[in-house]
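In order, the protein sequences belong to chains C and W. For the first sequence, our numbering assigns the number -18 to the initial residue and increments by one for each residue that follows. For the second sequence, our numbering assigns the number 42 to the initial residue and increments by one for each residue that follows.
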Amino acid sequence: DTAVSQTPKYLVTQMGNDKSIKCEQNLGHDTMYWYKQDSKKFLKIMFSYNNKELIINETVPNRFSPKSPDKAHLNLHINSLELGDSAVYFCASSQDRVSGNTEAFFGQGTRLTVV
Amino acid sequence: QKEVEQNSGPLSVPEGAIASLNCTYSDRGSQSFFWYRQYSGKSPELIMSIYSNGDKEDGRFTAQLNKASQYVSLLIRDSQPSDSATYLCAALNTGGFKTIFGAGTRLFVKA
Chain C
-18 DTAVSQTPKY LVTQMGNDKS IKCEQNLGHD TMYWYKQDSK KFLKIMFSYN NKELIINETV
42 PNRFSPKSPD KAHLNLHINS LELGDSAVYF CASSQDRVSG NTEAFFGQGT RLTVV
Chain W
42 QKEVEQNSGP LSVPEGAIAS LNCTYSDRGS QSFFWYRQYS GKSPELIMSI YSNGDKEDGR
102 FTAQLNKASQ YVSLLIRDSQ PSDSATYLCA ALNTGGFKTI FGAGTRLFVK A
């Protein structure tokens, strides 16, 4: 019973295409995130959502558009893919800070390769 | 200055030894700190969380936090080859909605 699940696990696509990655969590958490891990393995936050509302946008290009239809889902749509977008994208979720349990739990990652 | 800094390593220790991993952070308002382990090709997995100054022990792992020095560490006792992985230090920012990761320290435990 996967806590944070994202699909697809692998995505290979050509430059200029548009693609989406989906994420769902069944932990009842209020906050969800997208992280990008590049070839040097640095894990960098892209977006943070709390109860479907965008809280953090870390100066990510407009080609990246997250959408949260409800607090259990956070999808990422990427337009006009570029070679530099190749990376592993991780979805994560955490309970809100009020509860004190702020550990982030990660999905299995989506390896995006742009050719 | 990076928000969370770690020595990238690699750190190599013999089996059975103590591995010591260190981390500093820049946001003085951070209250929550985490250590994650990431095996190659896998997602980060939470090992420890620590919120108060001092030590917190869980099995072979001990996390240490010193907020005055803005320093977090992780000790792994009786290191095993299966502990070989990248260890990520993370801090939750003052606002509470951004968990910031260090670049990770690669640990190798030699049998």
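Ideal Cβ placement from N, Cα and C applies to all residues, glycine included.
Is the number of C-beta pairs between the stretch 66 to 77 of chain W and the stretch 127 to 136 of chain W that are closer than 8 Å three or more?
-> Segments in contact, yes.
Contact check, Lys22 of chain C vs Gly145 of chain W under 8 Å by CB: the rounded distance?
-> For the purposes of this step, residue 22 of chain C is identified with residue 41 of the first sequence, where counting begins at 1. For the purposes of this step, residue 145 of chain W is identified with residue 104 of the second sequence, where counting begins at 1. For Lys22 of chain C against Gly145 of chain W, the beta-carbon gap comes to about 6 Å, under 8 Å, which counts as contact.
Can you tell me the Cα-Cα spacing of Leu55 of chain C and Gly88 of chain C, whole angstroms?
-> Looking up residue 55 of chain C in the first sequence gives position 74. Looking up residue 88 of chain C in the first sequence gives position 107. A straight-line Cα-Cα distance of about 12 Å links Leu55 of chain C and Gly88 of chain C.
Ends of the beta strand (DSSP E) at Ile2 of chain C?
-> Here residue 2 of chain C is taken as the residue at index 21 of the first sequence, counted from 1. Boundaries of the beta strand (DSSP E) harbouring Ile2 of chain C: Lys0 to Gln6, taken from the DSSP string.
DSSP puts Tyr128 of chain W in a beta bridge; with which residues?
-> The count along the second sequence starts at 1 and reaches residue 128 of chain W at position 87. DSSP output for Tyr128 of chain W lists W:Arg78 and W:Thr146 as bridge partner(s).
Quick one: which chain W residues come within Cβ less than 8 Å of Gln(-5) of chain C?
-> By 1-based counting over the first sequence, the position of residue -5 of chain C is 14. Ordered by position in chain W, no residue passes the 8 Å Cβ test against Gln(-5) of chain C, which lies about 24 Å from the chain.
Take every Cβ of the stretch 60 to 69 of chain C, pair it with every Cβ of the stretch 97 to 110 of chain W, and state whether three or more of those distances are shorter than 8 Å.
-> Judged by pairs of C-beta atoms under 8 Å, the stretch 60 to 69 of chain C does not touch the stretch 97 to 110 of chain W, as fewer than three such pairs exist.
What's the C-alpha gap between Gln18 of chain C and Ala58 of chain W?
-> Within the first sequence, residue 18 of chain C is the residue found at index 37, counting from 1. Within the second sequence, residue 58 of chain W is the residue found at index 17, counting from 1. Cα-Cα distance, rounded: 30 Å.
When burial is assigned at 16 or more other CB atoms within 10 Å of the CB, is Gln47 of chain W buried or exposed?
-> Position 6 of the second sequence, counting from 1, holds the residue named residue 47 of chain W. With 16 or more Cβ atoms within 10 Å of its Cβ, Gln47 of chain W is classed as buried.
Buried or exposed (CB count within 10 angstroms, at least 16 for buried), Thr40 of chain C | Residue numbering aside, residue 40 of chain C sits at position 59 when the first sequence is read from its first letter. Exposed, since its Cβ has fewer than 16 Cβ neighbours within 10 Å.
Using a Cβ cut-off of 7 Å, pull out every chain C residue sitting near Thr127 of chain W, in sequence order please.
-> For the purposes of this step, residue 127 of chain W is identified with residue 86 of the second sequence, where counting begins at 1. Correct list: Lys22.
So is Phe149 of chain W in contact with chain C if we call contact Cβ pairs under 7 Å?
-> As a first step, residue 149 of chain W must be located in the second sequence, where it is residue number 108. Interface with chain C (7 Å Cβ-Cβ cutoff): Phe149 of chain W is excluded.
In angstroms, rounded to a whole number, what distance separates the CA positions of Val96 of chain C and Glu56 of chain W?
-> The residue labelled residue 96 of chain C in the question sits at position 115 within the first sequence. The residue labelled residue 56 of chain W in the question sits at position 15 within the second sequence. Computed Cα separation, rounded: 42 Å.
Closer than 6 Å: is that where the CB of Lys21 of chain C sits relative to any heavy atom of the ligand NAD?
-> No copy of the ligand NAD appears in this structure; indeed no ligand is present at all.
Give the residues of chain C in contact with Ser73 of chain W, contact being defined as C-beta atoms less than 7 Å apart.
-> On the second sequence, residue 73 of chain W is found 32 positions in, with the first residue counted as 1. Under the 7 Å cutoff, chain C gives Thr83.
Rounded to whole angstroms, what's the CA-CA distance from Pro42 of chain C to Ser125 of chain W? Just pull it up for me.
-> Here residue 42 of chain C refers to the residue found at position 61 of the first sequence. Here residue 125 of chain W refers to the residue found at position 84 of the second sequence. Distance between the alpha carbons of Pro42 of chain C and Ser125 of chain W is about 35 Å.
Best match in C:Phe86, C:Leu93, C:Ser61 and C:Thr91 for proximity to Gln6 of chain C [C-alpha to C-alpha] | Within the first sequence, numbered from 1, the residue matching residue 6 of chain C stands at position 25. It is C:Phe86 whose Cα lies nearest to the Cα of Gln6 of chain C.
For chain C, find out if any of its Cβ atoms is closer than 7 Å to the Cβ of Pro51 of chain W; answer yes or no.
-> Along the second sequence, read from residue 1 onward, the residue named residue 51 of chain W stands at position 10. Residue-level contact by beta carbon fails for Pro51 of chain W and chain C, as no gap is shorter than 7 Å.
What is the DSSP secondary structure of Leu62 of chain C, counted as helix, strand or coil?
-> In the first sequence, residue 62 of chain C corresponds to position 81, counting from 1. Annotated three-state conformation of Leu62 of chain C is coil, per DSSP.
Helix, strand or coil for Pro42 of chain C per DSSP?
-> On the first sequence, position 61 is the one that residue 42 of chain C refers to. Coil at Pro42 of chain C, not helix or strand.
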